[in-house]
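For the sequence shown, my numbering assigns the number 701 to the last residue and increments by one with no breaks. Even for Gly, the Cβ is constructed at its ideal location relative to N, Cα and C. From a predicted model like this one, the values you see are computed outputs, not experimental measurements.
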Amino acid sequence: MSTKSKQTKRELFPTTRDSSSEIEAAAVCKGPQTKESAVDGITQKPEAVQIREDEEKQDGEWPENPTGETEELDSTTEKCSEADSSSEIEESTASGITQRLKNFQIGEDEEKQDGEWLKNHTWETEKPDSTLEMKATVSISQSYPTSSKWTKNEANASVDLAEIYSNLPSYIEDVMKGSINSCRQELERVLKTPDSEKLTVNTPHILEIRNESLSPKDRKVLTKIDEKYTASSLPSPPEDSAVKNFYYFDCEHVLKMYVPSSNLSWFQTQTNRYTRWIKKIISNDYIGKRWVFIPSFRRAQIALLQWPHDEVMNDDSTIRILVVRPSEFDAYVRYCGPHFPVIRLPQDEIGVGYARYWIQKIALRLELQFIWMIDDSIKYFVEYDPNKKPPRGSYKEFRKRKFGLVFERIEKFVKETADEKVPIVAMSPRRFCVRKPLLEPFVCKPPQVAVYLNLRKLQEKHVYYRPELKTLEDMIFGYECEQRNLKVFMDNRIQVFDQPWNDTGASSPSVKTNTQSS
């Protein structure tokens with residue numbers, strides 16, 4: 184590197200640390216971390232060091248002294264999430280990155296903190312490139328380890344999606360053995376089993392829900408009065424809030440559904456003797472509104488469902504529907520029913536792939552073409568610009584964006600390609616990770632956390648989330664889209680910060696134990 188380049192780098196990243204400290208900082212983002220650097224033509228891979236939870240502020244701030252501050256930027260290959268590959272910026276030269284980042288720091292007076300987009304954004308005119316291709320590997324998850332049989336490279340650091348997809352029956356049998364979702368034949372038997380026989384006290388999920396000694400330690404997330412553009416948990420409902428607005432919805436399986444009075448106007452209903460049915464969405468005007476489906480497990484009292492409203496995202500434009508397991512249906516109706524419709528899944532003992540699969544089927548039966556599928560843990564969205572770092576590196580303070588603007592942007596990109604030969608069928612923000620420079624506005628990777636879907640195009644190519652999968656369901660879904668000539672993208676301009684839950688949802692002991700023991 185030239186003397187001038189080194190000087191520019193020191194101006195951008197003035198703090199220096201020894202190599203052990205750099206490795207220690209590598210766990211800032213989610214997923215297992217490794218760091219590669221080229222020395223005399225030899226790639227060295229120091230072991231990743233896990234830092235303690237109390238060292239992670241989880242506050243949306245830039246980490247102090249991030250890994251790579253004193254290294255050549257073209258050698259940076261840290262993995263920031265399960266969907267990241269380790270080669271995003273390998274092709275760029277250090278001088279090229281320096282040139283793009285020369286105006287990285289901006290003053291506080293330029294940040295309006297009004298939830299609106301930055302003016303003159305570096306990627307203002309960029310659109311997703313349909314010629315981009317998805318890689319066949321993703322970083323292995325530390326939370327949900329994958330057998331070496333399905334990993335790639337000497338260190339087994341990447342999950343081989345191509346190998347899994349080409350051998351799905353074998354993968355399902357290997358990873359899901361001993362589980363009720365070990366094959367599609369079992370799923371078919373489950374759907375024919377009476378409800379009374381499904382909720383056995385022996386299933387780990389039921390034990391986990393009903394045993395008070397196993398109550399989750401995760402607690403409600405509350406926001407400060409002056410904290411804008413941030414989601415939080417719902418307030419506790421009053422004791423007399425329960426209204427018996429129970430209905431049924433025919434979707435190849437009779438699904439029980441609770442609809443609050445405030446949302447009944449969205450649906451056409453029918454009463455047959457003693458049974459009330461949801462027949463369809465009442466009109467095209469309502470079909471054209473924003474439909475958000477939220478799968479949730481063990482978070483009836485803590486899920487981040489109190490979203491900040493704005494001109495685009497509000498009760499008039501947006502309806503959110505919770506999709507939950509039978510054993511928790513009553514709890515969700517109790518705590519969330521006053522605010523949101525709640526749908527009861529047919530079966531209890533199956534992971535999030537099953538919930539996502541049924542969400543697709545439910546939405547299609549309602550004749551919806553576009554929907555959001557959003558996790559119950561999203562807290563806020565931030566805007567990233569490769570040439571404009573926020574003051575003090577604080578994304579939480581200066582770069583949070585209105586939910587409605589985020590939704591509107593991604594919806595626009597997906598809908599614009601709906602009639603194209605190679606349409607975008609799924610798109611999401613990037614999971615929050617700003618430790619390393621991002622050089623491309625969009626990346627062709629499996630979307631996560633908050634996904635906007637074109638259901639009609641997915642249905643035409645017979646692509647659904649795999650109901651057998653407890654984990655990697657989003658990775659396999661994204662890869663299958665790519666194989667069917669359908670595009671999926673992550674938007675690097677928008678990044679989503681989701682609450683790091685410890686023992687609920689996909690982090691529940693029953694889910695992790697069952698997966699890891701397979």
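For this session: Give every residue of the same chain whose Cβ lies closer than 8 Å to the Cβ of M496, excluding the five residues on either side of it in the sequence, and list them in chain order.
Result: For this step, residue 496 is matched to residue 313 along the sequence shown. Closer than 8 Å at Cβ, skipping near neighbours: R473, W490, K585, F586, G587, F590.
Exercise. Any Cβ of chain E within less than 8 Å of the Cβ of K579?
Worked result: Protein chain content of the structure displayed is limited to a single chain, and chain E is not contained in it.
Problem set entry | Segment contact flag, the region 615-628 with the region 668-678, C-beta cutoff 8 Å, min 3 pairs | yes
Exercise. If you draw a straight line from the C-alpha of N350 to the C-alpha of T454, how long is it?
Worked result: The count along the sequence shown starts at 1 and reaches residue 350 at position 167. The count along the sequence shown starts at 1 and reaches residue 454 at position 271. Roughly 47 Å separates the two Cα atoms.
Problem set entry | Which listed residue (P311, T334, L655, P650) has its alpha carbon closest to that of E180 | This structure does not reach residue 180, given that the chain is present from 184 up to 701, and the question cannot be answered.
Exercise. How big is the Cα-Cα spacing for H436 and E410?
Worked result: Within the sequence shown, the letter at position 253 stands for residue 436. Within the sequence shown, the letter at position 227 stands for residue 410. Roughly 43 Å between the two C-alpha positions.
Problem set entry | For Q564, the three-state DSSP class (helix, strand or coil) | The sequence position of residue 564 within the sequence shown is 381, counting from 1. Here residue 564 is Phe; the residue named in the question, Gln, does not match the sequence. Correct three-state label for F564: strand.
For this session: For the region 405-482, list the alpha helix (DSSP H) runs that are entirely contained and at least 4 residues long, ordered along the chain.
Result: 467-470
For this session: With a 10 Å radius around its C-beta and 16 neighbouring C-beta atoms as the bar for buried, classify V516 as buried or exposed.
Result: On the sequence shown, residue 516 is found 333 positions in, with the first residue counted as 1. Its Cβ being crowded by 16 or more others within 10 Å, V516 is buried.
Exercise. Measuring CB to CB, does P443 end up less than 8 Å from F523?
Worked result: Indexing the sequence shown from 1 puts residue 443 at position 260. Indexing the sequence shown from 1 puts residue 523 at position 340. Yes, these two residues count as a Cβ contact at 8 Å.
For this session: Compute the Euclidean distance between the alpha carbons of T334 and K318, then round it to the nearest angstrom.
Result: Looking up residue 334 in the sequence shown gives position 151. Looking up residue 318 in the sequence shown gives position 135. Between T334 and K318, the C-alpha separation is close to 14 Å.
Exercise. Nearest to E550 by CA position, among I464, L344, P529, is which residue?
Worked result: Working through the sequence shown from its first residue, we reach residue 550 at position 367. With distances taken between Cα atoms, E550 lies closest to I464.
For this session: Thinking L487 and S560 are a contact (beta carbons under 8 Å), I'd like their distance in whole angstroms, please.
Result: For this step, residue 487 is matched to residue 304 along the sequence shown. For this step, residue 560 is matched to residue 377 along the sequence shown. Right, their Cβ atoms sit about 6 Å apart.
Problem set entry | Completely contained alpha helix (DSSP H) runs for the region 501-545, where each covers 4 or more residues | 512-519
Exercise. Under a three-way DSSP split, which group does T259 fall into?
Worked result: Against the sequence shown, residue 259 aligns to sequence position 76. Confidence in T259 is poor, its pLDDT being 28 and thus under 50, which makes the residue's placement unreliable; the coordinate value appears in the next sentence. If DSSP states are grouped into helix, strand and coil, T259 belongs with coil.
Exercise. The ligand NAD heavy atoms versus the CB of S466: any closer than 7 Å?
Worked result: In terms of ligand content, the structure shown is empty, and the ligand NAD therefore cannot be addressed.
Problem set entry | Nearest-angstrom Cβ-Cβ length linking L638 and I545, presumed shorter than 8 Å | Within the sequence shown, residue 638 is the residue found at index 455, counting from 1. Within the sequence shown, residue 545 is the residue found at index 362, counting from 1. The Cβ separation is near 10 Å, so there is no contact.
For this session: In angstroms with no decimal places, state the Cα-to-Cα distance between A633 and Y647.
Result: Numbered from 1 along the sequence shown, position 450 holds the residue referred to as residue 633. Numbered from 1 along the sequence shown, position 464 holds the residue referred to as residue 647. One C-alpha to the other measures close to 17 Å.
For this session: Please report how far the alpha carbon of R613 lies from the alpha carbon of K579, in whole angstroms.
Result: Your numbering for residue 613 matches position 430 in the sequence shown. Your numbering for residue 579 matches position 396 in the sequence shown. One C-alpha to the other measures close to 15 Å.
For this session: To the nearest angstrom, report how far apart M440 and S466 are at their CA atoms.
Result: Position 257 of the sequence shown, counted from the start, is the residue given in the question as residue 440. Position 283 of the sequence shown, counted from the start, is the residue given in the question as residue 466. C-alpha separation (whole angstroms): 20 Å.
Exercise. Counting only runs that start and end within the region 624-700, where is the beta strand (DSSP E) found for 3 or more residues in a row?
Worked result: 633-637, 670-681
Exercise. Is the region 566-573 close to the region 295-315, with three or more CB pairs under 8 Å?
Worked result: yes
Problem set entry | Terminal residues of the beta strand (DSSP E) in which R592 lies | Within the sequence shown, numbered from 1, the residue matching residue 592 stands at position 409. Careful: R592 lies outside any beta strand (DSSP E), inside the alpha helix (DSSP H) at 586-599.
For this session: Please classify Q484: is it buried, with 16 or more other beta-carbons within 10 angstroms of its beta-carbon, or exposed?
Result: If you number the sequence shown from 1, residue 484 lands on position 301. Classification of Q484: buried, given that the 10 Å Cβ count is 16 or more.
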